[in-house]
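Numbering (full-length UniProt numbering), first residue to last: 1 to 261.
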């Protein structure tokens with residue numbers, strides 16, 4: 001078993017941190033350019049990465065993922081929005097559907113929710129027996145270790161907001177016709193069972209934050225601060241020990257350019 005990294009607790013996050021629009025625009029643009037450089041390095045070096053987004057409903061996962069991928073070449077990444085398993089998937093091991101979505105070499109896979117549903121919603125809603133979700137911590141750690149042993153960089157983020165801010169955002173969605181499609185019954189269960197979810201989240205952080213795949217807790221009370229913090233975490237993790245210098249031009253392409261251009 002890998003030595004556990006020491007995760008922060010939800011209560012330790014400073015949710016009062018904010019970022020003004022001018023500073024946000026400058027910083028988000030710089031981070032998006034860095035992500036383009038990282039994507040090129042992963043493509044040229046045959047690397048792959050997995051970015052996992054978990055968090056409270058209405059914490060800003062979708063908006064952050066849009067900023068993360070906005071300038072990336074769509075041929076080099078895939079976003080997987082994860083919902084309830086299908087009838088067929090329910091007959092399989094719960095990790096199988098995620099194995100099928102792992103990135104190929106040169107790709108980055110982004111998960112909007114993930115295999116952590118086993119120890120979150122399935123635990124809280126009693127969809128899985130206690131013995132099974134307790135065993136899942138060990139299974140998930142082994143799964144992520146297999147990925148990192150194979151050279152896949154794993155980045156995990158949890159977006160945290162207060163109950164008051166979560167309710168405010170949901171009220172905004174209820175009132176705005178163009179945002180109502182985002183609403184589901186699970187959003188309100190998330191609020192109703194907030195205490196149980198908080199306990200499940202703390203247990204998840206304690207049992208699955210490892211040296212090879214640590215959790216990054218993102219204070220998302222202020223959307224602009226949260227988006228920047230999330231992209232900073234992704235950039236730092238994906239670029240660590242990676243040569244980000246541009247690859248040399250293919251000699252065949254260089255020769256063709258000299259001849260025909």
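From the three backbone atoms N, C-alpha and C, an ideal C-beta is built for every residue, glycine too.
{"Asked": "Residue 143 beta carbon less than 7 Å from that of residue 55", "Found": "no"}
{"Asked": "Runs of beta strand (DSSP E) wholly within the stretch 70-110 (minimum 3 residues, chain order)", "Found": "77-81"}
{"Asked": "Between the CA atoms of residue 253 and residue 1 - distance to the nearest angstrom", "Found": "Residue confidence is low: residue 1 scores 35 on pLDDT, short of 50, so the model does not pin down where it sits. Its coordinate-derived value is still stated next. Each residue's Cα considered, the two are about 47 Å apart."}
{"Asked": "For residue 228, the first and last residue of its enclosing beta strand (DSSP E)", "Found": "First-last for residue 228: 223-239, but that is the alpha helix (DSSP H), not the beta strand (DSSP E)."}
{"Asked": "Reference residue 161, options 115, 99, 21, 218, closest by Cα", "Found": "218"}
{"Asked": "Those residues which DSSP pairs with residue 54 across a bridge", "Found": "158"}
{"Asked": "Completely contained alpha helix (DSSP H) runs for the stretch 184-218, where each covers 4 or more residues", "Found": "185-192, 194-208"}
{"Asked": "Status (buried if at least 16 other CB within 10 Å, exposed otherwise) for residue 120", "Found": "buried"}
{"Asked": "Spatial distance of residue 52 from residue 261 (CA atoms)", "Found": "44 Å"}
{"Asked": "Cβ neighbour criterion (16 or more within 10 Å) applied to residue 70", "Found": "exposed"}
{"Asked": "Reduced DSSP secondary structure (H/G/I, E/B, other) of residue 48", "Found": "strand"}
{"Asked": "Of the residues 140, 255, 249, the one placed nearest residue 40, counting alpha carbons only", "Found": "249"}
{"Asked": "Whole-angstrom distance between residue 238 and residue 19, CA atom to CA atom", "Found": "24 Å"}
{"Asked": "From 231, 245, 246, residue whose alpha carbon lies closest to that of residue 31", "Found": "231"}
{"Asked": "Assigned exposure category for residue 190 - 16 Cβ within 10 Å defines buried", "Found": "buried"}
{"Asked": "Under the three-state DSSP convention, the category residue 263 falls into", "Found": "Within the shown structure, residues of the chain are numbered from 1 to 261, placing residue 263 beyond reach of any answer."}
{"Asked": "Close Cβ partners of residue 227 (< 6 Å) along its chain, the five nearest in sequence each way excluded", "Found": "64, 67"}
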